[in-house]
Amino acid sequence: MANKNSNSNIIFLMIAILIIVAGIVMLVVFGGSGDDKEKDSLFERTVKAKDLSKDTKNNPTHKKGDAKVQIVEFGDYKCPACKAFETNFMDKIEKDYIDKGEVEYRFVNAPFHGEGSELGAASAHAVNKVAPDAYWNYHRALFEAQPDDHDMQGDDEWLTQSVVKKAVNGLDVDKDKKEQIMKLVKDRNSESYKQMNSDADLTKKYDVDITPTVVVDGKVLSDPMDYDKISEAIDKAIEKKNKSN
348 MANKNSNSNI
358 IFLMIAILII
368 VAGIVMLVVF
378 GGSGDDKEKD
388 SLFERTVKAK
398 DLSKDTKNNP
408 THKKGDAKVQ
418 IVEFGDYKCP
428 ACKAFETNFM
438 DKIEKDYIDK
448 GEVEYRFVNA
458 PFHGEGSELG
468 AASAHAVNKV
478 APDAYWNYHR
488 ALFEAQPDDH
498 DMQGDDEWLT
508 QSVVKKAVNG
518 LDVDKDKKEQ
528 IMKLVKDRNS
538 ESYKQMNSDA
548 DLTKKYDVDI
558 TPTVVVDGKV
568 LSDPMDYDKI
578 SEAIDKAIEK
588 KNKSN
């Protein structure tokens with residue numbers, strides 16, 4: 348009788364241990380840590396923030412004051428999603444973060460869609476070189492010139508020299524600067540095209556294959572088309588920077 352009870356106790360103990368182990372495994376697999384949940388909901392992957400900052404130091408940068416958090420967008424003027432990001436979110440980001448001196452924003456061209464993408468990128472660099480104060484107005488003008496029914500997978504080439512010239516002429520800069528910009532745009536060997544090619548190299552270095560790709564302090568957003576998630580990611584980056592200072 349005593350041996351029977353002893354065996355029962357051992358079996359009961361083994362079952363209890365198995366239940367506990369199974370519970371731990373389920374917690375790890377399905378629960379995960381808070382960081383993992385954050386990664387799944389906000390971020391797709393990470394890149395080396397210091398390297399990205401260094402590599403994009405000559406790219407157009409929108410900032411006020413001593414911004415602590417850096418946003419880098421890889422975008423294409425022919426990309427409909429990039430147009431949506433620009434027209435739907437950038438004014439909010441500017442108001443909520445850039446104007447308050449908390450965030451700086453940089454744009455890197457990802458010329459994925461042929462000659463039009465390359466032309467748009469080179470022309471933007473030309474404006475930034477000759478009339479940097481007018482760059483962001485030109486940046487917005489190119490996106491607004493994109494047709495609403497544009498299909499970037501099709502062969503429609505709306506981003507042409509005439510579109511660029513119209514956007515340049517619409518800038519509040521003197522005639523001489525407009526002529527300088529167009530001269531750079533028309534010369535495929537100009538510094539502006541070299542900068543466009545450098546941007547293209549950065550898309551390869553940082554494994555960018557879709558646009559827009561938005562990086563917040565080295566963390567690539569999993570969904571750049573959800574402003575609540577964009578805002579949450581920026582807030583977390585700001586909070587982290589404030590704690591480290």
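FYI, in this note's numbering the residues of the sequence shown are 348 to 592. Quick reminder that beta carbons are idealized off the backbone N, C-alpha and C, glycines included. Quick caveat, the model's predicted, so the values are computed rather than measured.
Residue j beta carbon less than 9 angstroms from that of residue i
i	j	result
PRO559	PHE459	no
LEU531	ALA469	yes
LEU506	GLN527	no
LEU466	VAL511	yes
VAL474	LEU518	yes
ASP498	PRO427	yes
LEU399	TYR574	no
Buried or exposed (CB count within 10 angstroms, at least 16 for buried), residue i
i	result
SER509	exposed
ILE585	buried
THR393	exposed
ASP546	buried
ASP521	exposed
SER591	exposed
ILE557	exposed
THR538	Note that residue 538 is Glu in the sequence shown, not Thr. Exposed, since its Cβ has fewer than 16 Cβ neighbours within 10 Å.
LYS602	Since the first residue shown for the chain is 348 and the last is 592, residue 602 is missing from the structure and cannot be characterised.
LYS430	buried
ARG453	buried
ASN456	buried
GLY461	exposed
ASN406	buried
ASP423	buried
LYS425	buried
LYS525	buried
LYS351	Note that LYS351 scores 45 on pLDDT, short of 50, meaning its location in the model is unreliable; the coordinates nonetheless yield the value given after this. Exposed: under 16 other Cβ atoms inside 10 Å.
Inter-residue CB distance, residue i and residue j (contact presumed, cutoff 8 angstroms)
i	j	result
LEU549	ASP438	Not a contact, Cβ separation roughly 26 angstroms.
VAL555	PHE436	With 8 angstroms as the limit, VAL555 and PHE436 do not qualify as a contact, their Cβ atoms being about 19 angstroms apart.
SER569	LEU389	6 angstroms
GLU504	GLY463	5 angstroms
VAL416	VAL561	Not quite, the Cβ-Cβ distance comes to about 13 angstroms (not below 8 angstroms), so this is no contact.
Residue-level contact to chain D via CB, residue i, 9 angstroms cutoff
i	result
GLY463	The structure shown contains no chain D; it is built from a single protein chain.
Runs of 3 residues minimum, wholly inside the stretch 392-433: which ones carry the beta strand (DSSP E) assignment? 416-422
For the structure I just gave you, are there three or more beta carbon pairs, one from the stretch 440-449 and one from the stretch 465-481, closer than 8 angstroms? They do not touch, by the three-pair rule.
For the structure I just gave you, are there three or more beta carbon pairs, one from the stretch 535-545 and one from the stretch 407-425, closer than 8 angstroms? No contact exists between the stretch 535-545 and the stretch 407-425.
Which whole runs of the beta strand (DSSP E) in the stretch 545-588 are 3 residues long or more, in chain order? Runs of the beta strand (DSSP E) lying entirely within the stretch 545-588 and spanning at least 3 residues, in chain order: 560-563 and 566-568.
For the stretch 466-514, list the alpha helix (DSSP H) runs that are entirely contained and at least 4 residues long, ordered along the chain. Look at the stretch 466-514 and you find these whole runs of alpha helix (DSSP H), each 4 residues long or longer: 482-492.
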